[in-house]
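To keep things clear, I will list the structure first and then write my remarks on it.
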Amino acid sequence: MRLEAEAVVKRFGAFAALDGASFSTGGDARVVALLGPSGGGKSTLLRVLGGLLLPDAGEVRVDGQALPHDEAAALRVLRQNGFVFQGYNLFPHLTALQNVVLPLCEVHGQPRAVAEDRARELLARLGLAEHLRKRPAELSGGQQQRAAIARALAPRPRLLLLDEPTSALDPVMTGEVLDVIRELAEGGQQIVLATHEISFARKVADWVVFLAAGKVAESQSAAGFFSQPATAQAREYLDGLSRYR
Amino acid sequence: MKPATPPVRSLLWALLLLAGVSLVVYALFARVHYTWNWSAVWDYRAQFYWGWLTTLGVSLGAMLLSLVVGFALMLGRRAPAAPVRMLCAGIVELLRGSPLLVQLLVGYYIVATALRVESPLLVGMVLLGFFEGAYLSEIFRGAVESIGASQREAARAVGFDRAQTYRFVIIPQAVRRALPGVTGQLVSLIKDSSLLSVIGIEELVQKVRILNSGSYTALEGYLPLAAAYLIVTLPLSWYARRLEGRFAYET
Numbered sequence: 076m077r078l079e080a081e082a083v084v085k086r087f088g089a090f091a092a093l094d095g096a097s098f099s100t101g102g103d104a105r106v107v108a109l110l111g112p113s114g115g116g117k118s119t120l121l122r123v124l125g126g127l128l129l130p131d132a133g134e135v136r137v138d139g140q141a142l143p144h145d146e147a148a149a150l151r152v153l154r155q156n157g158f159v160f161q162g163y164n165l166f167p168h169l170t171a172l173q174n175v176v177l178p179l180c181e182v183h184g185q186p187r188a189v190a191e192d193r194a195r196e197l198l199a200r201l202g203l204a205e206h207l208r209k210r211p212a213e214l215s216g217g218q219q220q221r222a223a224i225a226r227a228l229a230p231r232p233r234l235l236l237l238d239e240p241t242s243a244l245d246p247v248m249t250g251e252v253l254d255v256i257r258e259l260a261e262g263g264q265q266i267v268l269a270t271h272e273i274s275f276a277r278k279v280a281d282w283v284v285f286l287a288a289g290k291v292a293e294s295q296s297a298a299g300f301f302s303q304p305a306t307a308q309a310r311e312y313l314d315g316l317s318r319y320r
Numbered sequence: 166m167k168p169a170t171p172p173v174r175s176l177l178w179a180l181l182l183l184a185g186v187s188l189v190v191y192a193l194f195a196r197v198h199y200t201w202n203w204s205a206v207w208d209y210r211a212q213f214y215w216g217w218l219t220t221l222g223v224s225l226g227a228m229l230l231s232l233v234v235g236f237a238l239m240l241g242r243r244a245p246a247a248p249v250r251m252l253c254a255g256i257v258e259l260l261r262g263s264p265l266l267v268q269l270l271v272g273y274y275i276v277a278t279a280l281r282v283e284s285p286l287l288v289g290m291v292l293l294g295f296f297e298g299a300y301l302s303e304i305f306r307g308a309v310e311s312i313g314a315s316q317r318e319a320a321r322a323v324g325f326d327r328a329q330t331y332r333f334v335i336i337p338q339a340v341r342r343a344l345p346g347v348t349g350q351l352v353s354l355i356k357d358s359s360l361l362s363v364i365g366i367e368e369l370v371q372k373v374r375i376l377n378s379g380s381y382t383a384l385e386g387y388l389p390l391a392a393a394y395l396i397v398t399l400p401l402s403w404y405a406r407r408l409e410g411r412f413a414y415e416t
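As they're listed, the protein sequences go chains A and B. Just so you know, we're using the numbering used here here: the first sequence kicks off at 76 and counts up by one. Just so you know, we're using the numbering used here here: the second sequence kicks off at 166 and counts up by one.
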């Protein structure tokens, strides 16, 4: 896939989370990592790329197709995508199984039996076969995040967008979730990943977009970015993160 | 959740507390030497019963209406269109801020008369339903607004539109949070129905007033009155607590 952004601006009140962000990935990028310091605009850019947030100005294109600027059309675009958030954001009143089944039935119009089969198969693949009937409060953080990934994957999304999916998890659970994401990447799933897990990004990403202060400081192939970051900002960021690893 | 007490022990506690309270009440009445005249009340029992049924019927109708009105006003106050929001906020403030007594008098003698509606029972039910609905709308609004931004975002992320977000994500979670407040409001509604006597509805309290003025009794009417209200309000509270248990999902 090719992701492109031209002078994208997104404001929250007086704060410009994205302040004229522009970049373009190569045409064959499959796993795009959004890196950069906190508050730099990673999460906002991820939401804009997936159609979850509408930019105040600028243009975003996925494989040459411009994303719409009105809510209703954006909803149609984002229904083709899957989102996973830092705080899991499962629906707490529903079981793991219902969390996956409900959107399949109500948004994608699948018959209940078909949706349940798909949900069971996915949850089992992500190691949750014994937890289908549990509500989020009865699951560990790692289990919740895997259920959230199952919910995002169930409708076979064109793009899977993950916003710091392991930032709320301890190292063991982080490992569980990263294993899942790596398998997906190796299975050919197109992924956009905002993360601070540099060594993981180095393993799975083939393109890196580096953001700071709402602007894209650098956009290049992952191999190039990790061996020779072009900007001083990116060099400092990488040094800082790898100091204790 | 609080730890469950074993049923036998909680029954024993209930009996003990009941005995204690009865003793205190008995002691108080014994000190004031009240002369009871229960026969007047007994002769009046059919009227008392009719009053009770009237209270029950009006309350039930007003309750159903108040839930609908409360829900509509809550949606109105969260509507995208500013005039709708302002209108609904104005209605809520007017209904909550002015005495029910005045609303009943104006509603019955002016509005209902102008609209040629003559049944005081119907008018009373509607006015009471709107009055309590205004309170309920604020309880609903508080519950709905307590569902966080991350849940709304997650709902949109899985592709739900506005209506689906309400139906599948916000309302099921908000019901749990609104239940205790709604129960209290519905109990209030049952008791507020006593004011309907000002537009000529002979509900329970009015029946007791008639009895008292006819037979020079007082407490003999009012004590059964309190009991008659409790017969309705206690099961309501009990049922609401059971519902809360059924909607509990946070362990």
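Glycine included, each C-beta is placed from N, C-alpha and C at the ideal position. Every value quoted in this text rests on a predicted model; they were computed, and no experiment measured them.
{"Query": "9 Å Cβ cutoff, PRO230(A) in contact with chain B", "Result": "yes"}
{"Query": "Inter-residue Cα distance where the pair is ASN377(B) and SER204(B)", "Result": "12 Å"}
{"Query": "Local Cβ density within 10 Å of MET290(B), reported as buried at 16 or more and exposed below that", "Result": "buried"}
{"Query": "Segments assigned beta strand (DSSP E), at least 3 residues, entirely inside the segment 118-159 of chain A", "Result": "132-137, 156-159"}
{"Query": "Contained beta strand (DSSP E) runs [length at least 3] in the segment 338-372 of chain B, N- to C-terminal order", "Result": "none"}
{"Query": "Distance, SER359(B) Cα to LEU292(B) Cα", "Result": "13 Å"}
{"Query": "Residues of the segment 178-209 of chain A whose Cβ lies closer than 8 Å to any Cβ of chain B, in chain order", "Result": "PRO178, GLU181, VAL182, HIS183"}
{"Query": "Cβ distance (whole Å) where LEU253(A) is taken to contact PHE275(A) below 8 Å", "Result": "5 Å"}
{"Query": "Residue range of the beta strand (DSSP E) that includes LEU207(A)", "Result": "Where LEU207(A) is concerned, there is no enclosing beta strand (DSSP E), given that its DSSP letter is neither H nor E."}
{"Query": "Cβ-based burial, GLN173(A) [other Cβ within 10 Å; buried from 16]", "Result": "buried"}
{"Query": "Residue interval of the alpha helix (DSSP H) (run including GLY255(B))", "Result": "247-262"}
{"Query": "Cβ contact check for the segment 78-86 of chain A and the segment 124-136 of chain A: 3 or more pairs under 8 Å", "Result": "yes"}
{"Query": "heavy atom of the ligand COA below 8 Å from ALA237(B) C-beta", "Result": "This structure lacks the ligand COA, and indeed carries no ligand of any kind."}
{"Query": "The segment 152-167 of chain A in contact with the segment 105-115 of chain A per 3-pair CB rule at 8 Å", "Result": "no"}
{"Query": "Closest by C-alpha distance to ALA229(A), when choosing among ALA322(B), GLU409(B), ALA391(B)", "Result": "ALA322(B)"}
{"Query": "Beta-carbon gap between SER369(B) and GLY226(B) smaller than 9 Å", "Result": "In the sequence under discussion, the amino acid at residue 369(B) is Leu, which differs from the Ser named in the question. Contact flag unset, no."}
{"Query": "Expected contact under 8 Å - CB spacing of GLN218(A) and LEU203(A) to nearest Å", "Result": "6 Å"}
{"Query": "Cβ neighbour criterion (16 or more within 10 Å) applied to GLU293(A)", "Result": "buried"}
{"Query": "Spatially closest choice to ARG242(B) from GLU367(B), ALA393(B), ILE304(B), by CA coordinates", "Result": "ILE304(B)"}
{"Query": "Nearest residue (CA-CA) to LEU229(B), options LEU280(B), THR348(B), LEU266(B), VAL186(B)", "Result": "THR348(B)"}
{"Query": "Cα-Cα separation between ILE256(B) and ALA299(B), rounded to whole angstroms", "Result": "8 Å"}
{"Query": "DSSP three-state assignment for LEU193(B), whether helix, strand or coil", "Result": "helix"}
{"Query": "Under 7 Å by beta carbon: chain B residues contacting HIS168(A)", "Result": "PRO337, GLN338, TYR414"}
{"Query": "Enclosing alpha helix (DSSP H) for GLY216(B) [first to last residue]", "Result": "210-242"}
{"Query": "Chain B contact for GLY114(A) (CB, 9 Å cutoff)", "Result": "no"}
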